[in-house]
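Novice: Quick note: to get this note's numbering, add 12 to the position in the sequence shown (first position is 1).
Here it is, the structure, as structure tokens.
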Amino acid sequence: MARTLVPVTIKPHLIPFLYQHFKGETARINNKRVKSFIIDMRTPFGKMIRFLAKKKPSKKGCDTTYSIFFSLEEFPRGRQYFGQFYKFESGENSFLHFDQEAIEFINAELEDSLISSMMFFLLGWHQKDGDQGLSKGIQQFCVKYDLFEHGYDVAAVRRRFYRWLEKTDNLFPAG
13 MARTLVPVTI KPHLIPFLYQ HFKGETARIN NKRVKSFIID MRTPFGKMIR
63 FLAKKKPSKK GCDTTYSIFF SLEEFPRGRQ YFGQFYKFES GENSFLHFDQ
113 EAIEFINAEL EDSLISSMMF FLLGWHQKDG DQGLSKGIQQ FCVKYDLFEH
163 GYDVAAVRRR FYRWLEKTDN LFPAG
């Protein structure tokens, strides 16, 4: 199935998270090798990305100054739907891009996914080892996603976890 490469700007601390959750590959655009992430269009994140991709207004080719691209599937045009709400642009005959609001939205969604993963990882660690082992769990998570390089530290993550735990105390009783 054909794939379309769409350039995107991702915050640096979210890139290791992308590599853990999406399959990365090397693609070629104008004889330049670039990194891309294969986005499955059957997932909610993939559908959201597909609807946010817009047709480039100019006839200029794909911008290769970006370092990261999303690789999107092109679906065969077998099914036709009436209406405009779920219509998306095809990348078969034109170049696609994300506008600035879409890039901010994608980064916010990835940030929320990272924080949710972190909080539930630490919740499991906290329920298993209690407060004593929480620092070790924070270090393990931050090392896995290279978060120490981007300003995360154990004390700040611990405070954030305890605030999150207070907010959701009736949903997830600690213990």
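Cβ atoms here follow ideal geometry from the backbone N, Cα and C, with glycine treated the same way.
Quick check on the burial criterion: 16 or more other C-beta atoms within 10 angstroms. Buried or exposed for Phe94?
Specialist: Any reading at Phe94 needs caution, since the residue's pLDDT is 49, under 50, leaving its predicted position unreliable; the model's value is listed next. When all chains shown are included, Phe94 counts as exposed.
Novice: Going by alpha carbons, who is nearest to Glu116 out of Val20, Leu177, Ala14?
Specialist: Checked all of Val20, Leu177, Ala14; the closest Cα to Glu116 is Val20.
Novice: Can you tell me where the beta strand (DSSP E) with Glu37 in it begins and where it stops?
Specialist: Run containing Glu37: 35–41, per the beta strand (DSSP E) assignment.
Novice: Quick check on DSSP: helix, strand or coil for Arg62?
Specialist: Arg62 falls in the helix class under three-state DSSP.
Novice: Name the two residues that bound the continuous beta strand (DSSP E) containing Lys47.
Specialist: From DSSP, the beta strand (DSSP E) with Lys47 extends over 44–51.
Novice: Distance check for Lys179 and Arg40, CA to CA, integer angstroms please.
Specialist: C-alpha separation (whole angstroms): 46 Å.
Novice: What is the DSSP secondary structure of Pro69, reduced to helix, strand or coil?
Specialist: In the structure shown, Pro69 sits in coil (DSSP, three-state: anything other than H, G, I, E or B).
Novice: Rounded to whole angstroms, what's the CA-CA distance from Thr11 to Gln112? Just pull it up for me.
Specialist: With the chain running from 13 to 187 in the structure shown, residue 11 is simply not present.
Novice: Going by beta-carbon coordinates alone, are Phe153 and Leu134 separated by less than 8 Å?
Specialist: Contact flag set, yes.
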